[in-house]
Amino acid sequence: MSTRAVRVLLVSATEKEAETVRDLLRNTGTARFDVAWTAAIPEALDRLARHEIDACLVAARVGDQDGLDLVRQARERGRTTPIVVLGEQDDTDTDLKAMRAGAHDFLSRARLDATRLERSIRYAIGRQVVEDDLREANANLSARVRELEQRIQENAHLGQMGNLLQSALCEEEAYAVVGGYARRLFPGGAGALFVANPARNRLDAVATWGEGEIGETPLVPDRCWALRNSRIHRFDPDTPASACPHAGTMTAQTVTLCVPLASREGVLGLLHLRTAAVAPPGAGAPLTGPEHQLAVTLAEQVAIALVSLRMKDTLRRQSIRDALTGLFNRRYLEESMAREIFRAHRKGSPMGVAMIDLDHFKQFNDANGHLAGDILLRTFGEYLLTHIRGEDIACRYGGEEFALITPDASLENTVMRCEQIRDGAARIVIDVGGRPLKGVTISIGVASFPDHGTTLDSLLRTADAALYAAKEAGRNRVARAPDPA
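Following the numbering used here, the numbering of the sequence shown begins with 451 at its first residue and continues without gaps.
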């Protein structure tokens, strides 16, 4: 115990009993006791609530009142002050009732002396100290367990999100995944994922979550401290750090965190989080500690996923695109044509197929060099793309041969379009080192589904035969496959 007097409150019927208790405690010689008295249980409860006493002695009967009611009401109200019950005699029944009600000890008045009384008070106070320490330890342990469970749940969410991001086929799918899991990882706030748009020198919001404003969209890089300095920026009203200009109208109750999404190529985007500045009891400052690390981990996972998706997209484009002309390659032609045949068969709609050949390309190449030949092929590829519909599929079939698929187009419509393409191609002029060169004419063979075939091989074979007929007839023309017998 401390050197100050131990404050004791006696609750009994008469004040005379307080004098007896004072005399007994005065004779212990081990500590100073300051004994107060009241016969009113409500007053005693008030003093317990105000923490004015270190221990309470209460008679089993306080006049016509049950002294155990004080014990019960004190415990129901969450009062932890040590309470010792004084009985008339050794009464096992009252003793048990007192302990069950929440008393720390029971003393018989018949056997009451200074030693027993002083020891009982010391025991009750000591027991309460141990109980308080145990309660605090349990509370700390519970908090640690809750924190550990939260970390486990967060790691589970991150793992699930990572698996979905790996399976995403495009960035739009990835954005939806990030928005959904960010809402679970930061349930108490709002936020947004911004992705860089270098062509327009801005970042576009591709996913948002939570309630409330997220600031400016699109976001200009110069209006974010994190993007300016290439490092995480946290704004808290209680710190001298400046709020990001893009964050919009800030209140004294808002904390924000901006985390750049970085890669070797530069900044890919930004993770922006905001939450209330007032943290729940027992929690650390908002968006610090574990929350701060969680935001960093989330940003890293998103950045890795975006790099991976873009790399996959690049590899996919390389696998289906012709490097010289930028058109789809033969592999893509075969895949897409099989798909379009299935779709046309299901819809009962026609589909045109055209094989295109640059007339006398070998002679042009030999006369003007391979560079001029490459320029001509590239120029014709660009020309072809600008003279077809969005749903049409243009491919480089190989060498100077090209193929065109026209979904939902009849043989007549495909022939008409090919005539327009042939007419314009004859006027192509290329530039080779500042020297203008007239291009070449083209010959085209046209077939259609289902009249000339219902499979990829049969349609290509029929269109190729029509192309041969166009070349045999003098080139620079469009030949349609003959009507089936």
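We treat Cβ as the ideally placed atom computed from N, Cα and C, and that holds for glycine.
Only a predicted model underlies this, so the values are computations on that prediction, with no experimental measurement involved.
Check residue i in the structure and name its three-state DSSP category.
| i | result |
| --- | --- |
| P932 | coil |
| M451 | Reliability of the predicted coordinates at M451 is poor, the pLDDT of 45 falling under 50, and no value is obtained from them. |
| H425 | Because residue 425 is not part of the residues shown, which for the chain are 451 to 935, the question remains open. |
| H683 | strand |
| D858 | coil |
| A804 | strand |
| I894 | strand |
| P532 | coil |
| N647 | strand |
| D473 | helix |
| H902 | coil |
| V865 | helix |
| F636 | coil |
| V728 | coil |
| I878 | coil |
| Q603 | helix |
| T704 | strand |
| E851 | strand |
| Q515 | strand |
| P736 | coil |
| P668 | coil |
| I843 | strand |
| D431 | A query on residue 431 cannot be resolved here, the shown segment of the chain reaching from 451 to 935 and no further. |
| D540 | coil |
| R572 | helix |
For residue i and residue j, I'd like the C-alpha separation in whole angstroms.
| i | j | result |
| --- | --- | --- |
| E619 | E869 | The amino acid occupying residue 619 in the given sequence is Leu; Glu does not appear at that position. About 38 Å. |
| R634 | C694 | 25 Å |
| L721 | S786 | 38 Å |
| T464 | R472 | 14 Å |
| L834 | V757 | 32 Å |
| K812 | P934 | 34 Å |
| G630 | W659 | 8 Å |
| G739 | L598 | 14 Å |
| Q600 | D582 | 27 Å |
| F636 | N590 | 23 Å |
| C506 | A587 | 25 Å |
| A727 | A606 | 27 Å |
| A913 | I770 | 22 Å |
| G840 | R673 | 38 Å |
| E862 | A794 | 17 Å |
| F556 | V595 | 37 Å |
| R476 | T470 | 10 Å |
| D842 | D858 | 9 Å |
| E653 | S592 | Just to set this straight, residue 653 is Leu in the shown sequence, not Glu. Straight-line Cα distance between these residues: approximately 43 Å. |
| Q603 | A788 | 46 Å |
| T856 | E663 | 47 Å |
| R796 | R766 | 28 Å |
Quick one: what's got a C-beta closer than 6 Å to residue i's C-beta in the same chain, skipping five residues either side?
| i | result |
| --- | --- |
| L474 | A564 and L567 |
| V628 | L643, A657 and V752 |
| A551 | L518, V521 and R522 |
| V705 | D686, T725, A727, P736 and L737 |
Please tell me whether residue i and residue j are closer than 8 Å, where the distance is taken between their beta carbons.
| i | j | result |
| --- | --- | --- |
| Q743 | M611 | no |
| V521 | A553 | yes |
| P532 | R577 | yes |
| L417 | A844 | No answer is possible for residue 417: it lies beyond the span of the chain, which begins at 451 and ends at 935. |
| G528 | V461 | no |
| H820 | G874 | no |
| T725 | G665 | no |
| A755 | L707 | no |
| M880 | A822 | Correcting the residue identity first, residue 880 is Ile in this sequence and not Met. Their beta carbons are under 8 Å apart, which means I880 touches A822 by this criterion. |
| A624 | L759 | yes |
| S558 | D540 | yes |
| V456 | A481 | yes |
Tell me which same chain residues have a C-beta within less than 7 Å of the C-beta of residue i, skipping the five on either side of it?
| i | result |
| --- | --- |
| L677 | P671, P710, V717 and L720 |
| E784 | L906 |
| Y782 | I770 and C845 |
| L909 | V803, A897, F899, H902 and G903 |
| A920 | S893, I894, G895, R927, V928 and A929 |
Tell me which residues share the same chain as residue i and place their Cβ nearer than 8 Å to its Cβ, disregarding the 5 neighbours each side in the sequence.
| i | result |
| --- | --- |
| A626 | A657 |
| L774 | D824, L827, R828, G831 and R846 |
| N926 | D809, R872, A876, T891, I892 and S893 |
| A468 | L460, S462, V485, A486 and W487 |
| S860 | P800, G802 and S898 |
May I ask you to check if the CB of residue i is nearer than 7 Å to at least one heavy atom of the ligand PLP?
| i | result |
| --- | --- |
| D873 | Looking for the ligand PLP in the displayed structure turns up nothing, as the structure carries no ligands at all. |
* Would you call the region 531-541 and the region 510-519 touching, i.e. three or more CB-CB distances under 8 Å? -> yes
* To do: Evaluate contact between the region 798-805 and the region 897-908, counting only Cβ atoms and requiring at least three cross-stretch pairs below 8 Å.
  => yes
* Is the region 804-818 touching the region 837-851, taking contact as three or more C-beta pairs under 8 Å? -> yes
* Asked: Counting Cβ pairs, one atom from each stretch, are 3 or more of them under 8 Å apart for the region 922-934 and the region 862-877?
  -> yes
* Asked: Between the region 662-670 and the region 632-651, are three or more C-beta pairs nearer than 8 Å?
  -> yes
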